[in-house]
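Reviewing the structure listed below.
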Amino acid sequence: MSLKKFSQEDYDNWRMWREDRDPEAGNRIVSKYLPLVEYVVHRLAISLPHSVHRDDLMSFGFNGLLDAIKKFDLDRGLQFETYASWRIRGAVIDGLRQSDWLPRSVRERARKIEEAYAILEQEKMRSVSDKEVAQFLDMTEEEVNQTIVETSLSTLGSIDEPIYDEENHQTERVNMILNERAELPEAHIHKQFIKDTLAQVINRLPEKEKIVISLFYFEELNLTEIADVLGLSTSRISQLHSKAMLRLKASMTRYEEMIRTI
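Residue numbering for the sequence shown follows numbering that gives the first Met the number 0, starting at 0 and increasing by one per position.
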């Protein structure tokens, strides 16, 4: 976070918290960023079953905010809102996973559907239909769609979820957030290639899925607002979002595998 964007009061609070762990300064920082928890939870909650209680999500998210405040390094040059959003989001996802809200059998079906998207779209070089995926897996279209609805959370990632670099060294997603003011040329090229790859994949999405991705991630509408725009139910929008994310994830997995072979 650039210090130039701090008010004097904000700067004093962060300084007192970082240097002395002053509890009052910490409380003021928490109060300032508490609406960020509500924002992140609201965006996640719409995609989840009604059986998941909002109070639980807020509790997970609040813990994520506290963790972000505790670990945030002013000297890395990151926006605190960006860093905290990742931590809050990751804490909610981790909390839900630990509560084991999704049966193992459903997770296994979701993994098979994701693999089917990767195989079929690589083979056909286009987006595949629900019918094609169902036939490939010897499932009905209803079973495929119901699994996607039930596993909407699996299309999200946690910031603490381990990932591996080209030398198979384990790291965390948070460590992949770069200081853009000190970006190396090769990192810029790599990031631009990822953006180009994603743009190509998004462009191949079925029209409704493409619109949902655009409105959700670029216009920052929530799923209810997107449902109003498209005249569809929120559950249908959630399903379209999950399908699109499975396709994107499958395509980026192929990209990562290709990079490792270079």
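For every residue, glycine included, the Cβ atom is placed at its ideal position computed from N, Cα and C.
- For Arg-86, the enclosing alpha helix (DSSP H) begins and ends at 79-97.
- Just measuring C-alpha positions, the residue of Lys-31, Pro-34, Ala-117 sitting nearest Ser-250 is Ala-117.
- If you check the CB distance, Phe-59 and Val-91 come in under 9 Å.
- A Cβ-Cβ separation of about 5 Å places His-240 in contact with Val-211 under the 8 Å criterion.
- Annotation for Arg-53: the continuous alpha helix (DSSP H) segment containing it runs 53-70.
- Counting other Cβ atoms within 10 Å of its Cβ, Ser-128 stays below 16 and is therefore classed as exposed.
- In this chain, the alpha helix (DSSP H) harbouring Leu-222 covers 222-229.
- Judged by their CB atoms, Glu-208 and Lys-242 are nearer to each other than the 9 Å cut-off.
- Residue range 7-19 is occupied by the alpha helix (DSSP H) that includes Asp-19.
- Taking the C-beta atoms as reference points, Val-36 is found nearer than 9 Å to Met-57.
- Per DSSP, Pro-34 is one residue of the alpha helix (DSSP H) stretching across 22-44.
- With contacts defined as CB atoms closer than 9 Å, Gln-238 and Ile-112 fail to qualify as a contacting pair.
- Residue state for Ser-250 is assigned as helix, using DSSP reduced to three classes.
- For Val-148, the enclosing alpha helix (DSSP H) has its first and last residue at 140-149.
- Nearest to Val-105 by C-alpha distance, out of Gly-94, Glu-149, Val-40, is Glu-149.
- Counting of Cβ neighbours within 10 angstroms places Met-124 among the exposed residues, the total staying below 16.
- Annotated as distal: Leu-245 and Leu-197, with beta-carbon spacing of 9 Å or more.
- The Cβ-Cβ distance between Ala-67 and Arg-42 does not fall below 9 Å.
- Counting along the chain, the unbroken alpha helix (DSSP H) around Tyr-116 starts and ends at 103-123.
- One Cα belongs to Ser-234, the other to Glu-107, and the distance between them is close to 22 Å.
- Contact between Ala-115 and Val-132 holds: their C-beta atoms lie close to 5 Å from each other, under 8 Å.
- At the C-beta level, Gly-89 and Gly-63 come within 9 Å of one another.
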